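Enquirer: 121 is the number of the first residue of the sequence shown in the working numbering; add one for each residue after it. Beta carbons are placed, not taken as given, at the ideal position from N, Cα and C, and that holds for glycine. These numbers come from a predicted model, not from an experiment.
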Amino acid sequence: MLPSAHVIRRIASPTLWCIASLLNAQTWDVFDMNSAGFPSNTVTDIAVDSQDNVWVGTDFGLCKYDGTNWTIYQDSNSGLPDNLINTLSIDSLDRLWIGTVLHGVVVYDGSTWQNYNTLNSPLPDNEIKCITLDYRGWAWIGTYVGLACFTGQEWRIYNDSDTSYAGLRLNGNVIEDVAVRPDGLVAVGTLNYGFHYLTDTSVFVYASYFNLFPDNTQTGVAIDTVHDERWLTCPAGGLLRQGGDWHGGPWFQYTTQNSGIPTNTLLCITMDDEGLPWMGGSLAGVIRRNANGSFTTFTTANSDLPDNTIPTLAFAHNGDLWVGTYYGGAARLRFTTAQRERSGGPDVTAYPVPTDDHVHVQWGWSNGPVQWELHDPQGRQLSHGEAARSAAIDIDLGDYAAGGYLLRSHDLTNVAVTRLVKR
């Protein structure tokens, strides 16, 4: 059995928040074979670079959106060796890392296409399931026969044999997804072999046959740096969340039986700037877990989402959510009003959102002065201050890069987290 600190807590369904306001404050744009010239409507992955170019991988080529036009790359007009694309990732130099089904990894820097495969590198397999670029620029590459880490200087191969790098043996070799925390902790989801934590000196595995873990397969792994939590999506076990320390922190499970989540079959996960998870379901659309614990779902029935099977999600720097579907191409979700999460008290008004250098914030609270802090997506505090009750202030964002930020504020009885976006 799991030690007491690891007992899976199945959460009772919370009271729903104002879902209607979120559903109504949305616009959708759909890009597919008809509207954008995609080579296929089966989208496998989406990545957004620092210039806000959106890259869409399909099972028949690569698509790039510059905000106005789409460009299609295939093996016939580019250095792509393979039109079957499984995964995409962007590094700190804005190079696109492409994981193919048949020909390994391709790195595209805008002019050259560099291919890593089993013939010219230690890559253990040419079918690539996932690629994650960490804070150091290291590429973590998941395959069917192990995990490869390319540091730029050396290749490190992790597997379930004695040859695994530094003797750090995995429980199995089929790697579904990888996330890396800023301190170097590597979280690895596998197919049938349990969830792994990998450090420089140890491997720890959560699996049903070791510690009664609820699902041995993890389709998606995400790290919430705002609240220091880990989130997993599973094909049968729903949504899993770990708080506290990675080696001992409690796990929580959300299923259709104990929460408002619409399906237990989840395909992917990404975190927004507030540390809230967004998930793709099989036949269940796009699912968001709200700050109060309820779930909001976008489907073909209540939105213009073109398909309900969602293998990939990605946020752009302006806050738009890009959705990859299995049959309906890609969709862009834009919110027509700022998303605000409240844990109590009247609303917080922030405008304009998105903004340029200054954002105007006003609180309707009256129970003492308001303390506020501005945080980046990694949870680092950038600035702070105090406002008189019911006051309005301007917060200067001029020194910060474009992207999402979190404004945390409170008085004696109210607490709020407000999402800001700088263009």
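1) Three-state secondary structure (DSSP) at Ala286?
2) Hey, how far is the Cα of Leu208 from the Cα of Thr385?
3) Comparing alpha-carbon positions, which option in Asn189, Ala411, Thr337, Leu213 lies nearest Tyr255?
4) If we call anything under 9 Å between Cβ atoms a contact, is Phe151 one with Ala451?
5) Do three or more CB pairs link the stretch 302-317 to the stretch 338-351 at distances below 8 Å?
6) Out of curiosity, what's the CA-to-CA distance linking Phe372 and Leu360?
7) Measure from the alpha carbon of Leu243 to the alpha carbon of each residue in Ser231, Asp229, Tyr228, Val265, then state which is nearest.
8) Are Tyr274 and Thr263 closer than 9 Å when you measure CB to CB?
9) Closest to Ala342 by CA distance: which of Leu332, Met391, Thr376, Ile381 is it?
10) Between the Cα of Thr419 and the Cα atoms of Pro355, Thr432, Ala156, Ala404, which residue gives the shortest distance?
11) Taking just the CA atoms, how far does Val227 sit from Asp211?
12) I'd like to know if the stretch 162-178 and the stretch 469-483 are in contact, where contact means that at least 3 CB-CB pairs between them fall below 8 Å.
13) Per DSSP, which residues does Tyr236 bridge with? Please list them.
14) If distances are taken between C-alpha atoms only, which option among Arg543, Asn293, Leu332 comes closest to Asp521?
15) Throw me the rounded Cβ distance for the Gly400 and Asn161 pair, which I believe falls under 8 Å.
16) Which residues mark the beginning and the end of the beta strand (DSSP E) in which Tyr278 is found?
17) DSSP on Glu461, reduced to helix/strand/coil?
18) Any idea if Thr283 is buried or exposed, counting beta-carbon neighbours within 10 angstroms, 16 or more meaning buried?
19) The ligand NAD heavy atoms versus the CB of Asn438: any closer than 8 Å?
20) Out of curiosity, what's the CA-to-CA distance linking Leu290 and Ser322?
21) Applying the criterion that 16 or more other CB atoms from any shown protein chain within 10 Å of the CB defines a buried residue, is Ser87 buried or exposed?
22) List the DSSP bridge partners of Gln338.
23) Mapping DSSP to helix, strand and coil, what is Ser328?
24) Measure how close the beta-carbons of Trp217 and Ala259 come, nearest whole angstrom, since I'm counting them as under 8 Å.
25) So the candidates are Pro382, Gly157, Phe324; which of them puts its Cα closest to the Cα of Thr429?
26) For Glu394, count neighbouring C-beta atoms within 10 Å of its own C-beta (all shown protein chains included) and say buried if the count is 16 or more, exposed if not.
27) Give me the Cβ distance between Val443 and Val468, rounded to the nearest whole Å; I'm assuming they're in contact under 8 Å.
28) CB Asp424 to CB Trp148, shorter than 9 Å?
29) Please report the distance separating the alpha-carbon of Gly364 from that of Pro370.
30) From the DSSP output, read off the bridge partner residues of Gly400.
31) Can the beta-carbon of Val549 be found closer than 9 Å to that of Leu527?
32) Closer than 6 Å by C-beta to Tyr326: which residues in its own chain qualify, once you throw out the five before and the five after it? Chain order, please.
33) In whole angstroms, give me the CA-to-CA distance for Val537 and Ile513.
34) Taking Trp175 as part of the beta strand (DSSP E), name the residues at either end of that continuous run.
35) Spell out the partners DSSP gives Thr271 in its beta bridges.
36) Please list, in chain order, all residues of the same chain as Gly177 whose beta carbon is under 6 Å from its beta carbon, the five residues on each side excluded.
Expert: Taking the coordinates as given:
1) Ala286 carries a helical assignment under DSSP once its states are collapsed to helix, strand and coil.
2) 23 Å
3) Leu213
4) yes
5) Touching, yes, given that three or more Cβ pairs across the two stretches are closer than 8 Å.
6) 6 Å
7) Considering only alpha carbons, the answer is Val265.
8) Sequence inspection shows Glu at residue 274; the Tyr mentioned does not correspond to that position. Thr263 is positioned such that its CB atom lies no closer than 9 Å to that of Glu274.
9) Nearest in C-alpha terms to Ala342, of all of Leu332, Met391, Thr376, Ile381, is Met391.
10) Ala404
11) 10 Å
12) no
13) Val225
14) This sequence places Ala at residue 521; Asp is not what is there. It is Arg543.
15) Going by Cβ atoms, the distance from Gly400 to Asn161 rounds to 16 Å, so no, they are not a contact pair.
16) 275-278
17) Because Glu461 sits at a pLDDT of 39, beneath the cut-off of 50, its placement in the model cannot be relied upon, and the point is left open.
18) The C-beta of Thr283 has fewer than 16 other C-beta atoms within 10 Å across all chains shown, which makes the residue exposed.
19) With respect to the ligand NAD, the structure shown offers nothing to examine, as it has no ligands at all.
20) 10 Å
21) A question about residue 87 goes unanswered here, because the residues of the chain that appear run from 121 up to 543.
22) The partner list for Gln338 (beta bridge, DSSP) is empty, contrary to what the question assumes.
23) helix
24) Confirmed, about 6 Å.
25) Pro382
26) buried
27) Not a contact, Cβ separation roughly 28 Å.
28) Contact annotation: Asp424 and Trp148 have beta-carbon atoms nearer than 9 Å.
29) Between Gly364 and Pro370, the C-alpha separation is close to 7 Å.
30) Cys388, Val406
31) An answer regarding residue 549 cannot be provided, because it is not within the stretch 121 to 543 covered by the chain.
32) Gly314, Phe315, Phe333
33) 16 Å
34) 174-178
35) Bridge partners of Thr271: none, in fact.
36) Thr164, Asp165, Ile205, Leu208
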